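Participant: Heads up: the sequence shown at position 48 corresponds to 48 in the UniProt record's numbering, and the numbers run straight through without jumps.
Every residue, glycine too, gets a C-beta built ideally from N, C-alpha and C.
Nothing here was measured: the structure is a model prediction, and the numbers come from that model.
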Amino acid sequence: MLSWLLEYAPSRLTGDRACVFAEFDTESEARQVLEQAPEWLNGFVAKGVNLSPLHRAML
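(1) Going by beta-carbon coordinates alone, are residue 21 and residue 12 separated by less than 8 Å?
(2) Determine the DSSP secondary structure at residue 52, reduced to helix, strand or coil.
(3) I need the DSSP call for residue 41, collapsed to helix, strand or coil.
(4) With residue 45 and residue 27 assumed to form a contact (beta carbons below 8 Å), what rounded beta-carbon distance in angstroms separates them?
(5) To the nearest angstrom, report how far apart residue 6 and residue 14 are at their CA atoms.
Right, dumping it as structure tokens:
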């Protein structure tokens, strides 16, 4: 999975190595890459945040 995504953007594994993720400049760009994903790859586009909603609620 990681090698496929690396063709489109700098990509990383989550801490538990269960998921891969990449950062795109626009939602449109991310969706275009997702449309090209192999059938065996399940994915979605999500907006990243710098501070988790849980952490924000605790402040």
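Facilitator: Put simply:
(1) Walking along the sequence shown from the start, residue 21 turns up at place 21. Walking along the sequence shown from the start, residue 12 turns up at place 12. In contact: residue 21 and residue 12 (Cβ atoms closer than 8 Å).
(2) Locating residue 52 in the sequence shown gives position 52, counting from the first residue. Of the three classes helix, strand and coil, the one that applies to residue 52 here is coil, per DSSP.
(3) In the sequence shown, counting from the first residue as 1, residue 41 sits at position 41. Correct three-state label for residue 41: coil.
(4) For the purposes of this step, residue 45 is identified with residue 45 of the sequence shown, where counting begins at 1. For the purposes of this step, residue 27 is identified with residue 27 of the sequence shown, where counting begins at 1. Going by Cβ atoms, the distance from residue 45 to residue 27 rounds to 6 Å, so yes, they are a contact pair.
(5) Within the sequence shown, residue 6 is the residue found at index 6, counting from 1. Within the sequence shown, residue 14 is the residue found at index 14, counting from 1. Those two C-alpha atoms are separated by around 14 Å.
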